[in-house]
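Using my numbering, the letters of the sequence shown correspond one by one to residues 1450 to 2022.
Every residue gets a Cβ at the ideal spot worked out from N, C-alpha and C, and that includes glycine.
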Amino acid sequence: MPTAVPERSAGLPEDGPRPVSTGATATGNRRTMPRGVARAAASIGALAVCQAVLMIGLGFLITGPAKHVWPMTAEDGVNRGLERLRTSTLTTLSSIGSELGNTGTVIGVTLAACLGLIFIPKLPMWRQMSFLALGVALQSLVFLVITIAVDRQRPHVHRLDGSLPTSSYTSGHTGAATAIYGGLAVLVLSRVRSPWRRVLAALLLLLPVFVALSRLYRGMHHPTDVAGGMINGALSLLIVGHALLRDGRVSAPAALPEVPQAAPAELLPGRVAVVLNPTTVDESARDELLQVLAQHGHHEPVFIETTAADPGGGQTARALAEGAELVVVCGGDGTVRAAADRLAGSGVPLAVVPFGTGNLLARNLGLPLTPAEALDAALGGTPRVLDLARVEGDGLPATHFAVMSGVGLDAAMMKYAEEHDRAKATLGWPAYVLAAPKAMRGPRMSLSVRLDGGQPLRRKARMVLVGNTGELQGGLRLIPDAKPDDGVLDLLILDPRGPGGWLRTASTLLLHRKQDGGAGAGHPEFHTFRRAEFTFDAPEPREIDGDPVGTGLRLTVEVVPGALTVLVPDRES
1450 MPTAVPERSA
1460 GLPEDGPRPV
1470 STGATATGNR
1480 RTMPRGVARA
1490 AASIGALAVC
1500 QAVLMIGLGF
1510 LITGPAKHVW
1520 PMTAEDGVNR
1530 GLERLRTSTL
1540 TTLSSIGSEL
1550 GNTGTVIGVT
1560 LAACLGLIFI
1570 PKLPMWRQMS
1580 FLALGVALQS
1590 LVFLVITIAV
1600 DRQRPHVHRL
1610 DGSLPTSSYT
1620 SGHTGAATAI
1630 YGGLAVLVLS
1640 RVRSPWRRVL
1650 AALLLLLPVF
1660 VALSRLYRGM
1670 HHPTDVAGGM
1680 INGALSLLIV
1690 GHALLRDGRV
1700 SAPAALPEVP
1710 QAAPAELLPG
1720 RVAVVLNPTT
1730 VDESARDELL
1740 QVLAQHGHHE
1750 PVFIETTAAD
1760 PGGGQTARAL
1770 AEGAELVVVC
1780 GGDGTVRAAA
1790 DRLAGSGVPL
1800 AVVPFGTGNL
1810 LARNLGLPLT
1820 PAEALDAALG
1830 GTPRVLDLAR
1840 VEGDGLPATH
1850 FAVMSGVGLD
1860 AAMMKYAEEH
1870 DRAKATLGWP
1880 AYVLAAPKAM
1890 RGPRMSLSVR
1900 LDGGQPLRRK
1910 ARMVLVGNTG
1920 ELQGGLRLIP
1930 DAKPDDGVLD
1940 LLILDPRGPG
1950 GWLRTASTLL
1960 LHRKQDGGAG
1970 AGHPEFHTFR
1980 RAEFTFDAPE
1990 PREIDGDPVG
2000 TGLRLTVEVV
2010 PGALTVLVPD
2020 RES
């Protein structure tokens, strides 16, 4: 039986087996900053400079060339109108709203939330704590720079509060409230599994609006000042969240207890194989995963790296051949798909650890998007038997997918995003959105589809999407009824025509107003099936679980019920 030593990605030097790292340097016990932390710090610093320049530029525009242009010319009228509306009740309410964005309140809420994130969960949420604290701190730092650079007088109305001799632009109360309460809303949506999480997040997002209206009512700021504060707070969260939450490459502090190193060894029955993409999983992330595995009794996992030529299928097949009883896959949807293809029908459970751009399977399974927390949730959860979809076509060998496969618009977006690796690496999944305008310029496609052996259906379409699951980023359920264990697949055909058609399509998808059967007036069309055969009049771009797989004229997709066993979080937790 071969020894399960880590495989190397293309271009890495062959300098012998790399031992599992615990994060220490070669010079005694001294630790250096993990590469993930250094990358995050550099990203935050560079983008913070851009944020400050943007906000200052907007301030110069408001106080300079645009000063006599609407809506700036209407701002004084807004402030005077609010002054005339003052009542004792509204004044009391505005006092409460203003206090919610006060420096002392924001510091107190931030400190309490950070301590809660460290001490309340079973595993300290270091990354979420850092996201919240740094988001608030970055907003405050940029705010101070803005007030130094931009000089704007406060409104010429009776002000209900005293104020420091700082510029009216931007509203510090509103910016701070946006950073802390908006950050808490992000954490609620990403970490809380209660059906009330959206309601709680919405209430948190209303608090910065309450603060902004209160500051306007009390005569402390112009409307554009509070708008600028919201933008500043939102940009701070976006920058810090991009660095800390997008792919989970920042490690927890080194104070966690260390796990004894395990030399590469044979993968004996009962052992855990960790298949990972070395381009996204660095040494610090491996240390976190080792900690979680050890806490669940897995002290000698074997790490097997994917390569440019083999994104995970060969490594998973090797783990199965050597007797693995659990396969942990660390990577994006492409790595997970390659592993699932080899695990199909084996009965060996899969634990998904999201390290990619989309992480769609992890989202649909209700896993946290922070890698260590996702692994902890999976190992502490229960096995769930899922369907897979088997797909093949001209120039496309038979393979399986767990999430979605599409032809047309979405595949073109994936292709254009892949062609701009730097944008994808920097922005994450929003890079696909930026690729949409270019993809939408392509022509509509003509196709024929035969469902479960029935009569062929002729269609014109912008996009054809087959889903085993239905949820995309941001909680959008593109295919509302898709379930990964119902024994069928779901088909969505989109053919919006003109701006009105796109608006109707967006409304239908966002509000889940599903229309079955034949399409009408460009409305989204939904079907369920067990086997579908697609024939296209011209070669069209295709994608599988977010990976472009070239163009083709034919595609056959059929469901394979109960083919994959995945560890998922307990519903009660």
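In terms of CA proximity to residue 1857, 1984 leads the group 1984, 1518, 1820 and 1621.
DSSP links residue 1849 through a beta bridge to 1839.
Contact between the segment 1653-1667 and the segment 1530-1550 is present: three or more C-beta pairs spanning the two stretches fall below 8 Å. Residue 1942 sits in a strand when the DSSP states are folded into three classes. Only residues of its own chain outside the window of five on either side were considered, and among them 1843, 1984, 1985 and 1988 have a CB closer than 7 Å to the CB of residue 2002, listed in chain order. Counting C-beta pairs with one atom in each stretch, the segment 1906-1916 and the segment 1785-1802 have fewer than three that are closer than 8 Å, which means they do not touch. DSSP places residue 1980 in no alpha helix (DSSP H) but in the uninterrupted beta strand (DSSP E) bounded by 1980-1993. Just so you know, the alpha carbons of residue 1765 and residue 1851 end up roughly 16 Å apart. Counting only unbroken stretches of 4 or more residues, the alpha helix (DSSP H) elements lying wholly within the segment 1496-1574 are 1524-1533, 1537-1549 and 1552-1568, in sequence order. For residue 1664, the closest of 1941, 1724 and 1545 by C-alpha to C-alpha distance is 1545.
Less than 9 Å divides the Cβ of residue 1726 from the Cβ of residue 1760. For residue 1762, no beta strand (DSSP E) run applies; the uninterrupted alpha helix (DSSP H) run containing it begins and ends at 1762-1770, by DSSP. Counting along the chain, no beta strand (DSSP E) covers residue 1639; the unbroken alpha helix (DSSP H) around it starts and ends at 1621-1640. Within the same chain, and ignoring the five residues on either side of residue 1558 in sequence, the residues whose Cβ sits closer than 7 Å to its Cβ are 1629.
Cβ-Cβ separation between residue 1911 and residue 1945: approximately 6 Å, consistent with a contact (criterion under 8 Å). Shortest Cα-Cα distance from residue 1977 to any of 1838, 1849 and 2013 involves 1838. Residue 1785 sits away from residue 1855, with the two beta carbons spaced by 9 Å or more. According to the DSSP assignment, residue 1753 belongs to the beta strand (DSSP E) that extends over 1751-1754. Distance from the CA of residue 1691 to the CA of residue 1902, rounded to the nearest whole angstrom, comes to 46 Å. In the displayed model, residue 1685 falls within a helix according to three-state DSSP. Between the segment 1509-1529 and the segment 1576-1593 there are fewer than three inter-stretch CB-CB distances shorter than 8 Å, so the stretches are not counted as touching. Taking a C-beta distance under 9 Å as the contact criterion, residue 1834 and residue 2011 qualify as a contact pair.
Closest by C-alpha distance to residue 1667, out of 1675, 1817 and 1608, is 1608. The segment 1728-1743 and the segment 1765-1775 do not touch, with fewer than 3 CB-CB distances between them shorter than 8 Å. Using a Cβ distance threshold of 9 Å, residue 1566 and residue 1581 count as a contacting pair. Within the DSSP bridge table, the entry for residue 1494 names no partner.
The beta carbon of residue 1492 is closer than 6 Å to those of 1692 in its chain, skipping five residues each way along the sequence. Annotation for residue 1822: the continuous alpha helix (DSSP H) segment containing it runs 1820-1828.
With a cutoff of 9 Å on beta-carbon distance, residue 1673 and residue 1520 are scored as near each other.
Rounded to the nearest angstrom, the Cβ distance from residue 1591 to residue 1515 is 21 Å, too far for a contact under 8 Å. Taking 8 Å as the upper bound for CB-CB distance, residue 1623 and residue 1660 are in contact here, some 5 Å apart. Going by DSSP, residue 1897 is part of no alpha helix (DSSP H) but of the beta strand (DSSP E) stretching over 1894-1900. Taking 8 Å as the upper bound for CB-CB distance, residue 1606 and residue 1488 are not in contact here, some 47 Å apart. With contacts defined by Cβ atoms closer than 9 Å, residue 1828 and residue 1747 form a contacting pair. With fewer than 16 other beta carbons inside 10 angstroms of its own, residue 1495 counts as exposed. In the three-state reduction of the DSSP assignment, residue 1596 falls in the helix class, which pools H, G and I.
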